[in-house]
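K.L.:
Residue numbers (my numbering): 1 to 233.
All C-beta atoms in this analysis are idealised placements derived from N, C-alpha and C, irrespective of residue type, glycine included.
Every value quoted in this text rests on a predicted model; they were computed, and no experiment measured them.
#1: Since residue 207 and residue 144 should fall inside the 8 Å C-beta cutoff, what is the C-beta to C-beta distance between them, to a whole number of angstroms?
#2: Between which two residues does the beta strand (DSSP E) containing residue 195 stretch?
#3: Taking the alpha carbon of residue 227 as the reference point, which residue from 157, 209 and 13 has its own alpha carbon closest?
#4: Measure the alpha-carbon distance for residue 80 versus residue 211 and round it to whole angstroms.
#5: Once you ignore the five residues that flank residue 51 on each side, which residues in its own chain have a CB closer than 8 Å to its CB?
#6: Using the C-alpha atoms, what's the distance from residue 117 back to residue 147?
#7: Quick one: give me the first and last residue of the beta strand (DSSP E) that residue 79 is part of.
#8: Please report how far the alpha carbon of residue 175 lies from the alpha carbon of residue 162, in whole angstroms.
#9: Could you compute how far the alpha carbon of residue 204 sits from the alpha carbon of residue 178?
#10: DSSP three-state label for residue 121, please.
#11: Between residue 68 and the rest of its own chain, which residues show a CB-CB distance below 6 Å, the 5 nearest in sequence each way excluded?
#12: Distance, Cα to Cα, residue 66 vs residue 7?
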């Protein structure tokens with residue numbers, strides 16, 4: 001699965017997404033938003049965080065209010081611009097996953113100072129519903145290579161139970177249109193790969209990360225997401 005169609009869909013529908021968020025049109029966020037905030041507070045290694053795939057920046061802003069130094073990266077310029085509008089300084093940067101990986105492989109640890117400024121070496125990396133497919137494992141591997149020894153990766157994503165809700169066999173399944181079911185004028189869909197617990201575990205092992213904590217937020221008796229805390233192997 002390639003990132004280009006995903007980026008194109010987000011570019012086209014950035015304004016639709018901002019309207020949806022402003023209207024609080026995603027009911028599950030009543031559970032998943034506090035879940036990731038609590039999880040970061042419990043699991044973060046240090047105070048400097050990097051929110052990768054930050055979107056309009058809500059999570060980074062909320063974590064800054066909790067005393068963290070949080071920066072954000074996203075591949076959709078309109079969302080990055082919106083995030084920076086609500087920030088006193090430029091804490092958000094227009095950079096997609098492939099570009100970040102390329103910088104890390106070329107510049108190593110110097111990437112962080114060049115991007116975020118001096119004394120801002122992140123030790124916690126956040127992916128909040130922003131890992132769309134297993135191909136992003138190469139980015140997890142690059143982060144492993146060029147981050148402090150005690151670094152953590154914190155992920156919130158679709159719970160594998162969502163596969164069964166789609167009436168599919170319990171196996172890795174590609175959701176062809178991640179916008180489906182959302183209110184608004186989302187016409188250009190993008191894919192989202194739904195992974196089983198086994199597939200997630202294999203991905204983390206292949207990229208030298210180990211699960212140290214797991215949470216399963218529930219809404220109306222059903223899991224709405226899963227959160228992983230990872231440490232370096």
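P.N.:
By the coordinates alone:
#1: 6 Å
#2: From DSSP, residue 195 is part of no beta strand (DSSP E); its letter is neither H nor E.
#3: Residue 157 is the option with its Cα nearest to residue 227.
#4: 30 Å
#5: 57, 59, 60, 63, 70, 71, 72, 73, 126 and 128
#6: 15 Å
#7: Segment 77–85 is the alpha helix (DSSP H) holding residue 79; no beta strand (DSSP E) there.
#8: 10 Å
#9: 23 Å
#10: Collapsing the DSSP output to three states places residue 121 in coil.
#11: 47 and 49
#12: 30 Å
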